[in-house]
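First comes the structure, then the notes that go with it.
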Amino acid sequence: MSKTKKDAIAIHVNGVGKYFGSEPNLVKALDNVSIDIRRNEFFTLLGPSGCGKTTLLRLIAGFESPTFGQMLLDNQDITNLPPYHRSVNTVFQSYALFPHLTVAENISFGLEMLKKPKHEISATVDEMLALVHMEELKHRRTDQISGGQQQRVALARALAPKPDVLLLDEPLSALDYKLRRGMQIELKRLQLETGITFIFVTHDQEEALTMSDRIAVMSNGHILQVGTPNEIYYNPQERFVADFIGESNFIEAEVVSVTKGRPATASLRLAGTRKTFKANMPASKSKDKTATVFIRPEHAKLQKSTRGATLTGTLTNMLFFGTDTNYHLELDNGEAFVVRSQNEIGHAFHPAIGDKLGVVIDEQAIQVLKD
Amino acid sequence: MLNRLFWKKREFSVTYQFGFATIALICFFALYAPITTLVFYSFNAGNNLMLWEGFSFHWYVEASKNELVQEAAMRSLIIAVCASLISTLVATMAALGTTRTAPFKGQKLIFIMINQPLMVPEIVTAVALLIFFAIIKTFTNYYGLGYLITAHAAFCVPFAYLPIKARLDGMDLSMETAAGDLYATPFVVFRRITLPLLWPGILAGAMLSFVISLDDVIITEFVKTAGQDTLPTYMLGQLRRVITPEINAISSVLLAVSLVVVTIFFLFTRKRY
Ligand SMILES: Nc1ncnc2c1ncn2[C@@H]1O[C@H](COP(=O)(O)OP(=O)(O)OP(=O)(O)O)[C@@H](O)[C@H]1O
Ligand SMILES: [Mg+2]
Chain Z
1 MSKTKKDAIA IHVNGVGKYF GSEPNLVKAL DNVSIDIRRN EFFTLLGPSG
51 CGKTTLLRLI AGFESPTFGQ MLLDNQDITN LPPYHRSVNT VFQSYALFPH
101 LTVAENISFG LEMLKKPKHE ISATVDEMLA LVHMEELKHR RTDQISGGQQ
151 QRVALARALA PKPDVLLLDE PLSALDYKLR RGMQIELKRL QLETGITFIF
201 VTHDQEEALT MSDRIAVMSN GHILQVGTPN EIYYNPQERF VADFIGESNF
251 IEAEVVSVTK GRPATASLRL AGTRKTFKAN MPASKSKDKT ATVFIRPEHA
301 KLQKSTRGAT LTGTLTNMLF FGTDTNYHLE LDNGEAFVVR SQNEIGHAFH
351 PAIGDKLGVV IDEQAIQVLK D
Chain E
372 MLNRLFWKKR EFSVTYQFGF ATIALICFFA LYAPITTLVF YSFNAGNNLM
422 LWEGFSFHWY VEASKNELVQ EAAMRSLIIA VCASLISTLV ATMAALGTTR
472 TAPFKGQKLI FIMINQPLMV PEIVTAVALL IFFAIIKTFT NYYGLGYLIT
522 AHAAFCVPFA YLPIKARLDG MDLSMETAAG DLYATPFVVF RRITLPLLWP
572 GILAGAMLSF VISLDDVIIT EFVKTAGQDT LPTYMLGQLR RVITPEINAI
622 SSVLLAVSLV VVTIFFLFTR KRY
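So the protein sequences, as listed, match chains Z and E. Read in my numbering, the first sequence has 142 at position 142, and its numbers run on one by one without any break. All you need for my numbering is the position in the second sequence, starting with 1, plus 371.
Quick look at the structure:
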């Protein structure tokens, strides 16, 4: 595949909104959403329940038409194209299998509709059954199999016609840990092999981080940030994004001075301490006197002595996670702060609750949020 | 059933309330004793409705030889079959129109209008039809079974509509959505997904309207022209003259037909999905 083709835009969502109902019960399920999803990309929509993930998928699939805005699939306007004319298939959150058909008949449905030759249909069905490990249940009716099995059939059914874009609405939520891990790897492999663009919805941030090429974090009908897992994790722009993915510390900082530039940098004082830090300053914050900074718990280090520490506080709690331990501190100004550190064999440092400890934070780990 | 009522005493259930079993038994008795008596006396050898004079199929033979009964039975069947087919077709379209389209203004009103015939006293409908058809008859000079079929089809629509509507309401739209997603055009979605899933509801509607049409008296009595007796109106006519166990025999057969229809319905809809 040539580079230009790979980087081509598969789905272009341009200023799309979807409102349900009317005043006073108007629900803005999506409000002015714009994203570009590249061809053969594993793109994940991540966000809390009710933020509009399913609604966005339904618009792309064509089950609903947007209240306003425009959508393109491979540079063709599909805003008002019916779903049966879009090369887009969906794995539904509720599975939506056909209860009067068998597992195999469910999987072959799309292929039959595309009028594929008989031998090709049966070959593809067998291939799909093998993929989702459902060969033995081929002739079962779909109301006679378990939830996890239904989910796998739904996946096979949507994959069978080899669409340009596959929409997956929490397709692994009903599977147990082991099967889920297996399917994650299978999905990733399939996406790479088939060249299908995957748009994936999940609640599970770990799943989102491990599988995605890019992630869009959504909240309340808006897309807050789009980026690679790395960008989303290390450079969240807003408090919501930082809070939703991984663990975070938010502390108030005083803005001492701002140096103009691209990007602007600021000199900051953390939580009432004297020492100043330099950090990039979002353009929207350049006039503010205070800012919220964000620090990942694993980017802070705990030390026994308070001398030379960035912050000091009292240990209030320790949570053991096997590989790591979370140390909960109450800083001198009363704010809470968490440090996560890896447990090492023969670790000499064993703090006890109530100890006065120091926290060392590298300048690079400090980031100013937009809000 | 009775076993359940009397022996399953371990878990809490309303059936252990004082007097529950008694009330249940009284209800069953009130419901089934008259019918049992009716069927029982249809096998009476004598011509009295109350004096038992030995077992015989005499009145069944008698009824089946009676030409009036034969004609009335044939007429009843033709009307019931035609009326239930027409009303089920109309009801299916009405149910699809009121559940499978985007919500539109006046949807509630249409729903109420479809079901209104259930509320209007039958005698009112009957008189209205009598007058309405009388006008048409003078204009067209047509006196055939068409009027009865039309009348039956009309009042059967709500009976056919309700089970179909109930089935559609219980059917998740997401399956039709999924079929559309898998490249099925709306017509194919209807044929391959909606219709097969709706089938038990349609069957229930058809059977219900068949049975309702089969035993209708009031509207038939008003709408029929001379010599257009159906089984129920024939029986009504007989009751005004001599009463013999022949009536019991005919009633028993009607009862049997209803039972068969209900049984077929259960067998067809047992597969649940
Ligand atoms: N048909 C509808 N009518 C009215 N409101 C709707 C409709 N569909 C969705 N909504 C509302 O739009 C918002 C977004 O819903 P959506 O289903 O897209 O959420 P989601 O992000 O998929 O949530 P979840 O993770 O729980 O599946 C919700 O507040 C929901 O109540
Ligand atoms: Mg959803």
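In this text, a Cβ means the ideal position worked out from N, Cα and C, and glycines have one as well. Computed from a predicted structure; not experimentally measured.
Where K508 of chain E is concerned, there is no enclosing beta strand (DSSP E), although the alpha helix (DSSP H) around it starts and stops at 493 to 511.
Here DSSP, grouped into helix, strand and coil, assigns L46 of chain Z to strand. The set of residues whose C-beta lies within less than 7 Å of a heavy atom of ligand 2 reads, in chain order, Z:K53, Z:T54, Z:Q93, Z:D169, Z:E170, Z:V201. At a cut-off of 4 residues, the continuous stretches assigned as alpha helix (DSSP H) that sit fully inside the segment 189 to 216 of chain Z are 205 to 211.
Proximity of A10 of chain Z to chain E, defined by a Cβ-Cβ separation below 9 Å, is not satisfied. The alpha-carbon of E424 of chain E is positioned some 21 Å away from that of V624 of chain E. Contact annotation, K285 of chain Z with A279 of chain Z: C-beta distance approximately 11 Å; criterion of less than 8 Å not satisfied. L409 of chain E has its Cβ no nearer than 8 Å to any heavy atom of ligand 1.
Non-local C-beta neighbours of G195 of chain Z in its own chain, meaning closer than 6 Å and more than five positions away in sequence, comprise N40, ordered along the chain.
Considering only E:A497, E:Y514, E:A465, E:P567, the residue with the shortest C-alpha distance to A597 of chain E is E:Y514. At a cut-off of 9 Å, the C-beta of Y84 of chain Z has a neighbouring C-beta in chain E. Taking 9 Å as the cut-off, the Cβ atoms of L30 of chain Z and L46 of chain Z do not count as close.
Annotation: F337 of chain Z to A352 of chain Z spans about 16 Å, alpha carbon to alpha carbon.
With distances taken between CA atoms, R274 of chain Z lies nearest to Z:T310 out of Z:H299, Z:D243, Z:T310, Z:L209.
DSSP places S34 of chain Z in the uninterrupted beta strand (DSSP E) bounded by 27 to 38. Three or more Cβ pairs closer than 8 Å define a contact, and the segment 492 to 509 of chain E meets that threshold against the segment 574 to 592 of chain E. Cα atoms of L187 of chain Z and V153 of chain Z: separation of roughly 14 Å, rounded to the nearest angstrom. The residue among E:L569, E:R611, E:F389 with its C-alpha nearest the C-alpha of F639 of chain E is E:L569. Along the length of the segment 262 to 331 of chain Z, whole beta strand (DSSP E) runs at least 3 residues long occupy 264 to 270, 276 to 281, 290 to 295, 300 to 303, 311 to 320, 324 to 331, reported in chain order.
Taking every protein chain shown into account, the CB of F198 of chain Z has 16 or more other CB atoms within 10 angstroms, so this residue is buried.
A Cβ-Cβ distance of about 5 Å is found for the pair A160 of chain Z and T124 of chain Z, placing them in contact under the 8 Å criterion. A distance of 9 Å or more separates the beta carbons of A158 of chain Z and I35 of chain Z.
Interface annotation, L270 of chain Z: not in contact with chain E, CB-CB separation never under 9 Å. Put simply, the CB of R157 of chain Z is near chain E, with a gap under 9 Å to one of its CB atoms. Around Q342 of chain Z, the same chain offers T323, D324 as residues with beta carbons nearer than 7 Å, after the five sequence neighbours per side are excluded.
Shown in chain order are the members of the segment 567 to 578 of chain E whose Cβ falls below 7 Å from a Cβ of chain Z: P567, L568. Cβ-Cβ distances below 6 Å link H299 of chain Z to A365 in the same chain, with the five nearest sequence neighbours on each side left out; the list follows chain order.
Ligand 1 never approaches V217 of chain Z closely enough for any of its heavy atoms to be under 8 Å from the residue's Cβ. Contact with chain Z is absent for D586 of chain E, since none of that chain's Cβ atoms lies less than 9 Å from the residue's Cβ. Secondary structure note for Y431 of chain E: its alpha helix (DSSP H) is the uninterrupted segment 429 to 436. Fewer than three beta-carbon pairs drawn from the segment 608 to 627 of chain E and the segment 568 to 584 of chain E are found closer than 8 Å, and the two stretches are therefore not classed as touching. Between M281 of chain Z and chain E, the shortest Cβ-Cβ separation is not below 9 Å.
At a cut-off of 9 Å, the C-beta of T556 of chain E has a neighbouring C-beta in chain Z. At a cut-off of 9 Å between C-beta atoms, F42 of chain Z does not count as an interface residue with respect to chain E. Taking T615 of chain E as the centre and dropping the five residues before and after it, the same chain places the C-beta of N418 closer than 6 Å to its C-beta, in chain order. Chain E has no Cβ within less than 9 Å of the Cβ of S146 of chain Z.
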